[in-house]
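Counting along the sequence shown from 1, when you hit position 74 you're at 74 in UniProt numbering, and nothing is skipped either side.
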Amino acid sequence: MPKATLRHTFHVRNTPAALHAHLSQPQSYVGLSPLVIAVKDVRQNGEETRYTSVERLRFLGMVKYDNLIKVTLRSTPRTVEGEVDSPGGVRLDYRFALTEKDGGTEVEDTLVVHAWNGPLLGYAAKKARQVQLARAGILTSRLG
């Protein structure tokens, strides 16, 4: 299965604990990803939180599609990470590494996008990169 790895590092003027708490809550992802409009069916399963995320996609700027994706969310003291499974044949592994730096937190946002073919991977990676870059600004606006 082809894959693409995307990385973006940015600084937020808040503590790693504040970012960790925010990123560990499924509801925080509504609007944090410009595509995510809702989360539902949130269930805690030991060390993991599983939920369904509603991702609104637009094709050709006109056709609207609400993509229901399954998300698994985990955290360690220094990271928040998980997996996303989309019914369209796209899988995404993500990781936020949080490091105290310069009076705030350095966030290393890593995404690994998997798709069953090259054209789908290209589309999914492009959308994921747009979301990744937007997320840095949104997270900075929300928390620091």
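C-beta: ideal position from N, C-alpha, C; glycine also.
Within the region 47-133, the complete beta strand (DSSP E) segments of 3 residues or longer fall at 48-59, 63-76, 79-85, 90-101, 104-115, listed in chain order. By DSSP's assignment, LEU143 forms no beta bridge with any residue. Shown here, ARG13 sits in coil according to DSSP, grouped into three states, outside any helix or strand.
Looking from the CA of GLU81, the closest CA among ALA17, ASP109, ILE69, ALA128 belongs to ASP109. Secondary structure at LEU23: helix, using DSSP grouped into helix, strand and coil. Out of ASN117, LEU98, PHE96, the CA that lies nearest to the CA of GLY89 is found in ASN117.
Of the residues SER33, GLU106, ARG50, the one whose Cα lies closest to the Cα of ASN14 is GLU106. When the Cα atoms are used, ALA128 and ARG135 turn out to be separated by approximately 10 Å. VAL71 is classed as buried because its beta carbon has at least 16 other beta carbons within 10 Å across all chains shown.
The shortest CA-to-CA distance from GLN27 to any of PRO2, VAL12, ARG43 is the one to ARG43. As DSSP reads the structure, SER28 sits in no beta bridge. In the DSSP assignment, LEU6 is bridged to LEU111.
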